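Read the structure below first, then the notes.
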Amino acid sequence: MLEKTFDPKSAEPRLYEAWEKSGLFSPEAVLARNPDAEPFTVVIPPPNVTGSLHIGHALNNTLQDVLTRFERMRGKAALWVPGTDHAGIATQMVVERQLAAEGNISRRDMGREAFVERVWRWKAESAGTIQQQLRRLGASCDWSRERFTLDEGLSAAVRKVFVRLYKDGLIYRDKRLVNWDPHFQTAISDLEVEQKDVDGAYWHFAYPLEDGSGEIVVATTRPETMLGDTAVAVHPDDERYADLVGRFVVLPIAGRRIPIVADSYADPEKGSGAVKITPAHDFNDFQVGKRHNLPLVNMFDPQARLLDRFEVVDALVPATGDAPSVEIAAPQTEYRAAEVMGERADTRGSTEVVERAGFGDLPEDLRGLDRFAARKAVVAQMEALGFLRGVEKTRHAVPHGDRSGVPIEPYLTDQWYVRADILAQPAIAAVEQERTVFEPRNWAKTYFEWMRNIEPWCVSRQLWWGHRIPAWYDPEGFTYVEETEEEARAAARARHGRDIELAQDEDVLDTWFSSGLWPFSTMGWPEDTEDLRRFYPTSTLVTAPDIIFFWVARMMMMGLHFAGDIPFDRVFITALVRDEKGQKMSKSKGNVIDPLVLMDQYGTDALRFTLVAMSSGGRDIKLSEQRIAGYRNFGTKLWNAARFCQMNECRIVESFDPGAMTLPLNRWIRGETVNTAAAVTRALEDCAFDAAAEALYRFIWNNFCDWWLELAKPVLNGADEAAKAETRATAAWVIDQALKLLHPVSPYLTEELWAQMAAFSGVRRETMLIAAPWPELPAEWVDGAAAEEMDWLVRLVTEVRSIRSEMNVPPSAKPVLTLVGADAAARQRLEARRDLILTLARLADVTEADAPPPGAAQFVIGRATGAIGIAEFIDVAAERARLAKEIAGHSSDAERTRRKLDNPDFVGRAPEAVVEENREKLAAAEAARAKLEGALARLEAVS
RNA sequence: GGACGCGUAGCUCAGCGGGAGAGCACUACGUUGACAUCGUAGGGGUCGCUGGUUCGAUCCCAGCCGCGUCCACCA
Numbered sequence: 000m001l002e003k004t005f006d007p008k009s010a011e012p013r014l015y016e017a018w019e020k021s022g023l024f025s026p027e028a029v030l031a032r033n034p035d036a037e038p039f040t041v042v043i044p045p046p047n048v049t050g051s052l053h054i055g056h057a058l059n060n061t062l063q064d065v066l067t068r069f070e071r072m073r074g075k076a077a078l079w080v081p082g083t084d085h086a087g088i089a090t091q092m093v094v095e096r097q098l099a100a101e102g103n104i105s106r107r108d109m110g111r112e113a114f115v116e117r118v119w120r121w122k123a124e125s126a127g128t129i130q131q132q133l134r135r136l137g138a139s140c141d142w143s144r145e146r147f148t149l150d151e152g153l154s155a156a157v158r159k160v161f162v163r164l165y166k167d168g169l170i171y172r173d174k175r176l177v178n179w180d181p182h183f184q185t186a187i188s189d190l191e192v193e194q195k196d197v198d199g200a201y202w203h204f205a206y207p208l209e210d211g212s213g214e215i216v217v218a219t220t221r222p223e224t225m226l227g228d229t230a231v232a233v234h235p236d237d238e239r240y241a242d243l244v245g246r247f248v249v250l251p252i253a254g255r256r257i258p259i260v261a262d263s264y265a266d267p268e269k270g271s272g273a274v275k276i277t278p279a280h281d282f283n284d285f286q287v288g289k290r291h292n293l294p295l296v297n298m299f300d301p302q303a304r305l306l307d308r309f310e311v312v313d314a315l316v317p318a319t320g321d322a323p324s325v326e327i328a329a330p331q332t333e334y335r336a337a338e339v340m341g342e343r344a345d346t347r348g349s350t351e352v353v354e355r356a357g358f359g360d361l362p363e364d365l366r367g368l369d370r371f372a373a374r375k376a377v378v379a380q381m382e383a384l385g386f387l388r389g390v391e392k393t394r395h396a397v398p399h400g401d402r403s404g405v406p407i408e409p410y411l412t413d414q415w416y417v418r419a420d421i422l423a424q425p426a427i428a429a430v431e432q433e434r435t436v437f438e439p440r441n442w443a444k445t446y447f448e449w450m451r452n453i454e455p456w457c458v459s460r461q462l463w464w465g466h467r468i469p470a471w472y473d474p475e476g477f478t479y480v481e482e483t484e485e486e487a488r489a490a491a492r493a494r495h496g497r498d499i500e501l502a503q504d505e506d507v508l509d510t511w512f513s514s515g516l517w518p519f520s521t522m523g524w525p526e527d528t529e530d531l532r533r534f535y536p537t538s539t540l541v542t543a544p545d546i547i548f549f550w551v552a553r554m555m556m557m558g559l560h561f562a563g564d565i566p567f568d569r570v571f572i573t574a575l576v577r578d579e580k581g582q583k584m585s586k587s588k589g590n591v592i593d594p595l596v597l598m599d600q601y602g603t604d605a606l607r608f609t610l611v612a613m614s615s616g617g618r619d620i621k622l623s624e625q626r627i628a629g630y631r632n633f634g635t636k637l638w639n640a641a642r643f644c645q646m647n648e649c650r651i652v653e654s655f656d657p658g659a660m661t662l663p664l665n666r667w668i669r670g671e672t673v674n675t676a677a678a679v680t681r682a683l684e685d686c687a688f689d690a691a692a693e694a695l696y697r698f699i700w701n702n703f704c705d706w707w708l709e710l711a712k713p714v715l716n717g718a719d720e721a722a723k724a725e726t727r728a729t730a731a732w733v734i735d736q737a738l739k740l741l742h743p744v745s746p747y748l749t750e751e752l753w754a755q756m757a758a759f760s761g762v763r764r765e766t767m768l769i770a771a772p773w774p775e776l777p778a779e780w781v782d783g784a785a786a787e788e789m790d791w792l793v794r795l796v797t798e799v800r801s802i803r804s805e806m807n808v809p810p811s812a813k814p815v816l817t818l819v820g821a822d823a824a825a826r827q828r829l830e831a832r833r834d835l836i837l838t839l840a841r842l843a844d845v846t847e848a849d850a851p852p853p854g855a856a857q858f859v860i861g862r863a864t865g866a867i868g869i870a871e872f873i874d875v876a877a878e879r880a881r882l883a884k885e886i887a888g889h890s891s892d893a894e895r896t897r898r899k900l901d902n903p904d905f906v907g908r909a910p911e912a913v914v915e916e917n918r919e920k921l922a923a924a925e926a927a928r929a930k931l932e933g934a935l936a937r938l939e940a941v942s
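Read in order, the letters of the first sequence correspond to residues 0 to 942 in numbering that gives the first Met the number 0.
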């Protein structure tokens with residue numbers, strides 16, 4: 000016999016272990032039975048290898064598991080590939096912090112090799128965490144296929160892709176402005192930059208004209224960059240400055256002569272209408288500089304980063320004060336780098352392109368300052384020199400590194416870029432043609448928006464943890480991009496006719512570069528593997544909205560380019576999980592909900608059911624514990640229903656044919672089961688997870704427990720052995736179907752009941768994973784007549800209960816119900832269901848009469864009037880009020896419907912079925928009102 | 001500035017062209033051997049506002065108000 004409640008704590012580990020041991024998470028199990036089984040593939044969004052499960056993981060992995068289990072039960076060769084990501088910056092950051100805490104050691108103190116070794120050790124230590132937590136969640140992924148982005152195989156794929164992109168001209172090295180994260184001392188991509196509003200100011204500076212005939216005022220939020228100004232721009236149509244264009248100002252402090260140029264970038268409406276141009280430190284200014292062939296003055300010393308320990312101090316002005324070069328590199332050279340985008344750079348790279356540019360008479364006291372100190376110093380000097388024309392406080396957006404949280408710096412460096420604009424074309428087309436669809440659909444727009452305006456993707460990072468870029472340089476400045484050092488050497492030998500010293504690029508690749516290959520690299524690409532042939536393209540990708548650009552877009556581009564096909568048929572974008580107040584969860588706010596705690600408290604199934612039930616398209620999830628508790632109760636409800644069935648000897652009868660049921664009661668629940676199975680199937684096919692959960696909840700709780708079980712009780716306690724046998728078998732059959740339908744969402748509880756029911760029934764059964772085929776039930780099993788009959792019964796019982804409650808009839812009282820004016824059908828139903836009605840409505844008897852007895856509370860049921868003989872309880876005033884209210888309800892119904900039907904336009908234009916429906920409604924409302932008015936009249940007569 | 005989404009019962013959310021729904025919370029009654037992690041019954045909403053389309057609008061369209069997310073930008 001089942002315990003009183005399901006105990007997740009003891010059952011979950013036991014069940015998971017059994018599943019894993021069975022080997023049935025691997026599609027081979029299905030393929031062994033059916034070699035032609037259709038594949039269904041999901042690849043996990045690989046979590047950070049050293050991470051742990053947060054609520055977002057819980058959500059998307061639950062949904063992936065729901066889909067995988069569902070398709071596996073349907074007989075598909077379902078494969079869910081698990082794995083983890085090396086997460087370059089994030090992981091390196093954690094380890095660097097550990098080192099700092101341990102002994103104030105920096106990675107640079109350790110050296111590259113030792114540091115990377117250390118990160119691998121940390122990975123080995125903590126890698127198990129997330130895997131265990133996914134198991135805890137019930138994830139049915141194929142652990143035998145688990146991958147890691149820094150695996151040998153995946154690394155080989157990365158090198159292959161890099162080399163091929165290079166040889167296709169789709170990857171190139173270039174010197175241009177990048178988003179430089181001064182904290183991590185690395186370039187980051189546009190996507191890793193977030194704008195934050197901060198308090199700042201506009202400083203208005205006057206730049207004197209060269210000839211002393213006046214000045215021009217510019218405003219800036221970044222005074223420290225003025226030292227790098229190489230022009231002042233005004234709008235070509237701005238008459239105020241028309242005669243100044245082509246003349247020169249003298250840049251204060253630096254003492255450099257810079258031109259006034261006309262460029263439409265200058266907005267006459269803003270500030271003075273004149274804008275300072277700092278091409279080496281501002282993305283817009285870079286473009287202006289390019290148009291006017293302005294020199295770039297890079298004020299950052301790239302070497303400065305070597306001075307850092309844990310807190311980075313970046314130098315604003317050259318720390319190498321010994322040789323500040325006055326000469327400025329020729330503009331045509333400066334901009335060459337930007338112009339060769341996409342050009343093969345296997346000859347002289349662009350490393351030579353930018354000369355060190357400086358400015359001779361920079362005061363000693365400005366050198367070596369970090370940028371914040373430099374700002375103050377520059378402002379102070381400008382003020383002292385009399386060039387400060389005002390300060391205006393303002394709040395403005397400043398780009399910050401998403402990981403470091405410090406303001407990023409546009410910085411002129413050599414980096415590797417991917418020509419995303421070319422790769423994006425097929426990826427855009429694939430979604431336009433709906434070869435890949437987004438679910439919910441609207442996300443496609445977000446995807447298009449970004450893809451159609453895509454910028455070059457900076458993929459090099461000045462980190463140590465990651466895939467080292469497979470590029471080698473010789474001392475003469477030639478570049479060799481090859482998969483191995485041997486090949487690079489061979490290429491160098493071929494070029495120079497001798498062995499030559501090579502140095503590998505120090506940088507590693509953006510983490511998302513390897514993640515972008517995930518759907519095919521995990522399948523063994525570039526080898527032509529069986530997995531690749533069978534399981535690629537994958538079926539559904541389940542992921543969060545915030546990584547559509549980071550990840551989904553890159554997989555689309557890489558998949559189409561390298562694996563020759565879309566990476567997935569469908570992308571399901573999950574909701575964002577927020578706290579119950581609707582706030583985004585964050586460590587700093589302290590409102591993070593730990594899914595593990597929730598699983599401890601309520602069981603995994605309850606958490607899963609909640610996440611599924613709240614996953615409706617286009618809305619964030621506000622997670623509340625109350626809701627989880629409610630769904631935990633739902634599991635208990637089903638558990639107890641099964642327990643009741645055991646108490647009543649309801650066993651699985653393998654020879655039982657549900658098609659041969661005779662009792663309307665059973666035929667009714669059979670129909671409900673069919674309808675529910677269809678609804679759940681369709682919902683899961685459409686990723687309408689909330690609809691699936693709702694259908695299951697209603698069916699199990701409202702239909703099965705609230706009504707069918709109650710209706711079955713008299714049968715199970717009765718003397719009709721045949722009816723009893725059928726009802727027992729029906730109970731077991733319905734529970735079986737319910738368990739199967741619920742299993743993808745709540746795997747633990749269902750698996751446990753499945754086994755217990757089998758044991759109790761003396762039936763041998765394997766785990767549900769593939770031995771519980773998904774219910775595909777014939778539509779003929781829906782019996783309309785039985786449904787109508789049960790519906791009538793439910794209405795009758797509900798009416799009686801409602802009146803009893805309103806009239807305060809104690810449960811112990813068993814009145815007599817008299818039906819007046821019952822037709823043949825009602826009479827027949829009444830006779831057939833007499834026992835049920837008596838039990839459920841707590842009645843002594845049901846009779847028929849021509850008129851209701853005095854002192855009865857009355858209601859309308861179909862064409863008949865029901866009268867409950869509760870003279871001793873009836874409160875005439877209360878009953879009068881009750882009847883009046885009922886009458887009012889029917890009256891207003893009738894009134895509204897009549898108005899509709901009196902409208903010739905409605906009758907003329909609405910579909911006949913709708914008109915007819917309204918006619919029936921009117922008739923029913925009026926009949927009910929007439930009966931109740933009669934009842935009210937009788938009440939008044941006797942009182 | 002652009003894109004997308006959301007405003008429905010106290011709360012959380014379904015529904016999205018023809019009778020306003022669920023869960024929770026609330027109120028009353030209840031322990032009749034599946035379940036108090038429960039049962040029965042009940043109260044509670046001019047479906048953000050204003051127009052339009054339609055025989056008919058919570059549902060479609062437009063505008064407005066409020067909220068949120070993303071992208072771009074703000075010398």
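Each residue gets a CB set at the ideal place from its N, CA and C atoms; glycine is no exception. Values in this document were obtained by computation on a predicted structure and should not be read as measured data.
When you compare only the Cα positions, how much space is there between residue i and residue j?
i	j	result
residue 287	residue 230	9 Å
residue 939	residue 781	46 Å
residue 213	residue 207	6 Å
residue 545	residue 290	35 Å
residue 818	residue 877	22 Å
residue 630	residue 36	34 Å
residue 292	residue 579	56 Å
Helix, strand or coil: which one does DSSP assign to residue i?
i	result
residue 12	helix
residue 273	strand
residue 460	strand
residue 440	coil
residue 538	strand
residue 204	strand
What are the partner residues of residue i, as DSSP defines its beta bridges?
i	result
residue 697	In the DSSP output, where bridge partners are listed per residue, residue 697 has none listed.
residue 195	397
residue 858	865
residue 497	Paired residues: none, contrary to the question.
residue 847	818
residue 38	76
residue 84	47
Residues in the same chain with beta-carbon distance under 7 Å from residue i, minus the five sequence neighbours each way, listed in chain order, please.
i	result
residue 745	604, 607, 608, 634
residue 465	85, 87, 507, 508, 510
residue 104	98
Using a Cβ-Cβ cutoff of less than 8 Å, which residues in the same chain neighbour residue i once the five nearest sequence positions on both sides are dropped?
i	result
residue 501	471, 472, 473, 479, 484, 487, 488, 491
Could you pull out every residue in the same chain whose Cβ sits closer than 6 Å to the Cβ of residue i, ignoring the five residues on either side in sequence?
i	result
residue 870	854
residue 937	none
residue 342	Caution applies to residue 342, whose pLDDT of 29 falls short of 50 and renders its modelled position unreliable; the value that the coordinates give is listed next. There are no such residues.
residue 691	679, 682, 683
(message) Quick check for students: name the residue ranges of the beta strand (DSSP E) that lie wholly in the stretch 234-261, counting only runs of 3 or more.
(response) 247-250, 255-261
- request: Kindly provide the ranges of any beta strand (DSSP E) runs that are 3 or more residues long and lie completely inside the stretch 712-780, ordered along the chain.
  value: none
What ranges does the beta strand (DSSP E) occupy inside the stretch 472-517, keeping only unbroken runs of at least 3 residues that lie completely in it?
478-480
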